[in-house]
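For the sequence shown, our numbering begins at 198 and goes up steadily by one.
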Amino acid sequence: MGDKIMPDAKVSILIAIENRPQKLRKTLQYYAAVAFRGTLVICDSSAPELCDINQQIIQSYRDVLKIAYRSLLNCMDFEHGEQMTLLMSMITTPYAVYSNDNEIVVPNALIKCCGFLESHMDYSAAGGSIIHMRSNSDGRIKKARYLHLPNLDHEDAFGRWASYLQRPYALTGLVFRTALWRQALQDIKFGPNDCLVPSAMLLLHGKIKELECLYLILLQDDEEHVAPLFCLEHSRHMPLYLKALKEKGVPVFMKQGVVSPAGQESIERELACAMEKASQAADEDEYRQSENILSSFLHRSNPFYSDFMQVYSLFALDNCAVEEAALLNQQGEEFFNNGDMAGALEKFNSALIVAPDFITTYNNLGVVYWQTGQIQKSIDCLTRGFAVDAYNRDLVINLGNILTETGQFYEAKNLYELYLTRYSDDRIILDAYSSVIRKINISTAAVPDLSEKERGFCLFINVYYQAFMIEHYRRHPQLARDNYQKQKESLHGRCFGDCDFYSEGLKAAGWDAEDLIINCWPLQKAWAIENNYDGEGFSIAVEQIRRAKPDVIYLQDLSVATKEFISIVRPYTKLIVGQIASPVPPQASLLDIDIIFSSFPHFVERFRKAGINAYYQPLSFEPRVLGRLNAYVSFNERKYAATFVGGVSMAHGKGTQFLEQLAHLVPIDFWGYGAESLPADSPIRRQHHGEAWGLDMFEILSQSRIAVNRHIDVSENYANNMRLFEATGCGALLVTEYKDNLNELFEIGKEVVAYRSPEECADLIRYYLANPHEAEGIAKAGQKRTLDEHCIAKRMKQTAHILKSRLY
């Protein structure tokens, strides 16, 4: 939480000041809290800062609030750094909670409350822990005993800690039973005015039913006092509460779900005082900022500013679930605005569970998935929202944009056309529609639609690493007994190598395509059994090709492109194509291949000089991978600071030497094959975590803030490898070596970062780890470039055009 101090879920005044200069920020935080007279939330490291506020500022409020965070931690035996929330009430007559050396001073009323809790609380049902306090006559704690109860859950217990260390009415976190609340109200003798803190805490944690229970109790109370602030719109019982206020002659005003009685003159005076003192502690610009902040808060609390407030009309809520979903959605938006993507995802998903047709949440959830790189999840979520309301403008704009960015132009076109049937004059949608029509015209001009006669069939021939297949079948011991299709789907599910990315991309370009993994013997054996073929080894692949009779055989690995293999399969196809992005295998018969694609510009030039039809085609990324990853975390929450995932054997030559030098300079985590071939004292081996194949590799990259890249020696002066696109596609900041063509793929300094030596690489890693905001900006730009321009779908459109030109 850093040093953020913010009030309860429905008031956002303090959020606006979190980026102000430190001295002013502390001043404004304190005064806004005092003026609000509501719930002040202080989390972990922020509390000590509050303790250090200039004594002159808090002199007049010394008896209101003085927190000693570390003393509280010591008393409660919490581990240092455990995230915890203390909610301090400053409504009506305050109860002081402060430190005197190592003792905590509390009033007798609070100790009475703790005694009540000890005698009435259902330990087994509540779980967690409580503090048993003993005191002498002046209210000073004489003994604090930490009671251990079963099933301690720190995440759930923090609200209880706050309850026991607050005013006597702060019962939040207990087993919520109406009888307990009534007993508490009767025994401790406090009125509705004292129930604000528990109601705010209940609302903050989404406990709507318990909040309603508390409101019902308030309605039965005869006290004349009413709570200054209540968040009303989330309970079906609130009309009754408003009716009770009306009967007592209290005019009620509302702003953004916050209801307050009229007559806030005291708050107005305190705000004026706060503004005056803030001006003394800041220069003119800062004063103007503080004045704007405090004035805006005053406007939303003071009924005399009628342009900001409106009289709240009594009404009956028809759909409690929708109101609860609205609360969860708002909390998700607050998490999103604070950069907590994981928290936002949790709240938005919870809102959809409560109200599956809540269109705003579909839109918000889709945007979070989109901005965190989970493209397919974003499309799926927005599409579900579109099914609920096809005319929601925000959703149509977002879904249309992401469909366009991922090359799904016709889907975006249909989306816009449906919307425009109802809102034909929406200029933004019309502009988006015109743009996607232009893209369709360009794409169809480059790759014409294929007639049924021209529709080609391509068979991709894949060779997988033995280490990956051994690991995969060991992980799934029953897989070898499954049929051919199930084994193939399981292997493709790991996203290893080229997977089914090329075949699916070619299908999107209007072709038919299939994949073979010709060296996976359990898979091939299953095919042979199912197809009554008694051959074995590579003869199975030849039989598969003979039966399929594809228009194109596409060799993903030229190690199989021997003269013998090509001569055997040549009668069963029209075109044999190969791909190369590594040293050419000595057994490969390049002159017998009709077309070779390479991501090495220098290879293409040499092939053409040798009389081979060659085309330059950079490698690419498959966005579908992002939809298969585990839960996304924001950039700053990623588990690994800097990583390298790839081969590190001595066979990698200068690349491995570079990585060893880098490992001496900065901490870096390694995954990949070949580490066992390195010397025992290699710094890589000390930080090596084993092999990571396919989806495991993508998970690591998606958890890395920085991904280091280096090329093998054969790349010479050209950037080409898969890691360029895998790392950026997963949202990591790519730190790669400078190459002559790198700026053609990414804008250096804006989308990726480039080094020329191990020392410069180490300096860049240190700099961007120390400047995460800048690192995140480059990483996001790099990811956008990859998803926009370096995706499989775009590459395969080019491939389809080239193949068609040779076939027809």
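Glycine included, each C-beta is placed from N, C-alpha and C at the ideal position.
Worksheet item: Under the rule that 16 or more other beta-carbon atoms within 10 Å means buried, what is HIS998, buried or exposed?
Response: Start at 1 with the first residue of the sequence shown, and residue 998 comes out as number 801. Under this definition HIS998 is an exposed residue.
Item to complete: Could you spell out where the beta strand (DSSP E) holding GLN776 opens and where it closes?
Response: On the sequence shown, position 579 is the one that residue 776 refers to. Note, GLN776: beta strand (DSSP E), 772-777.
Worksheet item: Does DSSP put GLN995 in a helix, a strand or coil?
Response: By one-based count along the sequence shown, residue 995 stands at place 798. Helix at GLN995.
Worksheet item: To which residues of the same chain is MET993 closer than 8 Å at the C-beta, ignoring the five residues directly before and after it?
Response: Start at 1 with the first residue of the sequence shown, and residue 993 comes out as number 796. Cβ within range, chain order: TYR699, GLY702, LEU703, ALA705, ALA706.
Worksheet item: I think ALA972 touches LEU930, with their Cβ atoms under 8 Å apart; what is that distance to the nearest whole Å?
Response: As a position in the sequence shown, residue 972 is number 775, starting the count at 1. As a position in the sequence shown, residue 930 is number 733, starting the count at 1. Indeed, because the Cβ distance is near 5 Å, the residues count as touching under 8 Å.
Practice prompt. Decide if LYS936 is buried, meaning its Cβ has at least 16 other Cβ atoms within 10 Å, or exposed.
Written response: Here residue 936 is taken as the residue at index 739 of the sequence shown, counted from 1. So LYS936 counts as buried.
Practice prompt. Please go through the region 868-905 and give each complete alpha helix (DSSP H) segment of 4 or more residues, from N-terminal end onward.
Written response: 880-883, 892-899
Fill in: Chain-order list of residues whose beta-carbon lies under 8 Å from that of GLN753 (same chain, five-residue window excluded)
If you number the sequence shown from 1, residue 753 lands on position 556. Contacts found: PHE657, ILE658, ASN659, VAL660, GLY694, ASP695, TYR699, GLN776.
Fill in: Residue burial classification, ALA677 (beta-carbon count within 10 angstroms, cutoff 16)
Numbered from its first residue, the sequence shown carries residue 677 at position 480. So ALA677 ends up on the exposed side.
Worksheet item: Closest to SER831 by CA distance: which of ASN561, VAL565, PHE555, PRO553 is it?
Response: Looking up residue 831 in the sequence shown gives position 634. Here the closest residue by C-alpha is VAL565.
Discussion item. With DSSP as the reference, identify every bridge partner of CYS958, one or two as the case may be.
Written reply: Position 761 of the sequence shown, counting from 1, holds the residue named residue 958. Bridge partners of CYS958: none, in fact.
Worksheet item: Which residue comes first and which comes last in the alpha helix (DSSP H) that contains ILE726?
Response: As a working note, residue 726 is residue 529 in the sequence shown. 718-727 is the extent of the alpha helix (DSSP H) around ILE726.
Worksheet item: Thinking C-alpha only, which one of GLU531, GLY690, ILE793 is nearest ASN810?
Response: In the sequence shown, residue 810 corresponds to position 613, counting from 1. Taking only the C-alpha atoms, the option nearest ASN810 is ILE793.
Item to complete: Please check the pair HIS799 and GLU934, which I expect to be a contact at CB under 8 Å, by giving their CB distance rounded to whole angstroms.
Response: By one-based count along the sequence shown, residue 799 stands at place 602. By one-based count along the sequence shown, residue 934 stands at place 737. Contact flag wrong, Cβ pair sits at about 16 Å.
Worksheet item: Roughly how many whole angstroms lie between the Cα atoms of LEU617 and GLN527?
Response: For the purposes of this step, residue 617 is taken as residue 420 along the sequence shown, with counting starting at 1. For the purposes of this step, residue 527 is taken as residue 330 along the sequence shown, with counting starting at 1. For LEU617 and GLN527, the distance between alpha carbons rounds to 29 Å.
Item to complete: Please state whether DSSP places THR618 in a helix, a strand or coil.
Response: Here the question's residue 618 lines up with position 421 in the sequence shown. It is coil, neither helix nor strand.
Discussion item. For a quick check, are the C-beta atoms of GLN784 and SER756 less than 8 Å apart?
Written reply: Residue numbering aside, residue 784 sits at position 587 when the sequence shown is read from its first letter. Residue numbering aside, residue 756 sits at position 559 when the sequence shown is read from its first letter. Contact: yes.
Practice prompt. Thinking ARG982 and GLU948 are a contact (beta carbons under 8 Å), I'd like their distance in whole angstroms, please.
Written response: If you number the sequence shown from 1, residue 982 lands on position 785. If you number the sequence shown from 1, residue 948 lands on position 751. Contact flag correct, Cβ pair sits at about 5 Å.
Discussion item. Judging by CA-CA distance, which residue of PHE943, GLN980, ALA889, PRO969 is the nearest neighbour of GLY926?
Written reply: By 1-based counting over the sequence shown, the position of residue 926 is 729. Cα-wise, what sits closest to GLY926 is GLN980.
Worksheet item: For the putative contact between GLN571 and GLY824, defined by C-beta atoms under 8 Å, what is the C-beta separation to the nearest angstrom?
Response: Locating residue 571 in the sequence shown gives position 374, counting from the first residue. Locating residue 824 in the sequence shown gives position 627, counting from the first residue. Yes, GLN571 and GLY824 are in contact; Cβ-Cβ is about 6 Å, under 8 Å.
Practice prompt. If I'm right that VAL593 touches ILE556 with Cβ under 8 Å, what's the distance once you round it to whole angstroms?
Written response: On the sequence shown, residue 593 is found 396 positions in, with the first residue counted as 1. On the sequence shown, residue 556 is found 359 positions in, with the first residue counted as 1. Wrong, their Cβ atoms sit about 11 Å apart, outside the cutoff.
Worksheet item: Out of curiosity, what's the CA-to-CA distance linking LYS991 and HIS669?
Response: Residue 991 sits at position 794 when you count from the first residue of the sequence shown. Residue 669 sits at position 472 when you count from the first residue of the sequence shown. In a straight line, the C-alpha of LYS991 is about 30 Å away from that of HIS669.
Item to complete: Look at the Cβ atom of GLU888, then the Cβ atom of LEU826, and state whether they are nearer than 8 Å.
Response: Your numbering for residue 888 matches position 691 in the sequence shown. Your numbering for residue 826 matches position 629 in the sequence shown. No, the pair does not count as a contact, with Cβ atoms beyond the cut-off.
Item to complete: Take ASP731 and list the residues in its own chain whose beta-carbon comes closer than 8 Å to its own, dropping the five residues that flank it on each side.
Response: Within the sequence shown, residue 731 is the residue found at index 534, counting from 1. The residues are ALA725.
Worksheet item: Where does the unbroken beta strand (DSSP E) through ILE793 begin, and where does it stop?
Response: Position 596 of the sequence shown, counting from 1, holds the residue named residue 793. Start and end: 792-795.
Worksheet item: The beta strand (DSSP E) spanning LEU931 covers which residue range?
Response: For the purposes of this step, residue 931 is taken as residue 734 along the sequence shown, with counting starting at 1. Per DSSP, LEU931 belongs to the beta strand (DSSP E) from 930-934.
Item to complete: Quick one: grab the DSSP three-state call for PHE698.
Response: Counting from one through the sequence shown, the residue named residue 698 turns up at place 501. If DSSP states are grouped into helix, strand and coil, PHE698 belongs with the helices.
Fill in: Three-way DSSP call (helix, strand, coil) for TYR588 in this model
Translated into the one-based positions of the sequence shown, residue 588 becomes position 391. Correct three-state label for TYR588: coil.
Fill in: Whether VAL801 touches LEU772 by CB criterion (8 Å)
Against the sequence shown, residue 801 aligns to sequence position 604. Against the sequence shown, residue 772 aligns to sequence position 575. Cβ distance not < 8 Å, so VAL801 and LEU772 don't count as in contact.
Worksheet item: Can you tell me whether DSSP reads GLU819 as helix, strand or coil?
Response: Counting from 1 along the sequence shown, the entry for residue 819 is found at position 622. Residue state, collapsed to three classes: coil.
Worksheet item: Would you say ALA976 and GLY928 are within 8 Å of each other, going by their C-beta atoms?
Response: Here residue 976 refers to the residue found at position 779 of the sequence shown. Here residue 928 refers to the residue found at position 731 of the sequence shown. In contact: ALA976 and GLY928 (Cβ atoms closer than 8 Å).
Worksheet item: If you count every other CB in all the chains shown that lies within 10 Å of the CB of ARG805, and 16 or more means buried, which is it?
Response: Taking the first residue of the sequence shown as position 1, residue 805 is located at position 608. Answer is exposed; the Cβ neighbour count stays below 16.
Worksheet item: Going by the beta-carbon positions, is the gap between ARG671 and GLY891 smaller than 8 Å?
Response: Here residue 671 refers to the residue found at position 474 when the sequence shown is read from its first residue. Here residue 891 refers to the residue found at position 694 when the sequence shown is read from its first residue. No, these two residues do not count as a Cβ contact at 8 Å.
Worksheet item: chain B beta carbons: is any one of them nearer than 8 Å to that of ASN940?
Response: The chain labelled as chain B is not found in the depicted structure, where only one protein chain is given.
Worksheet entry | Local conformation of CYS692 per DSSP, three classes | The residue you call residue 692 lines up with position 495 of the sequence shown. Three-state DSSP puts CYS692 in coil, outside helix and strand.
Worksheet item: In three-state terms, what does DSSP make of PHE762?
Response: As a working mapping, residue 762 is identified with position 565 in the sequence shown. DSSP places PHE762 in helix when its eight states are reduced to three.
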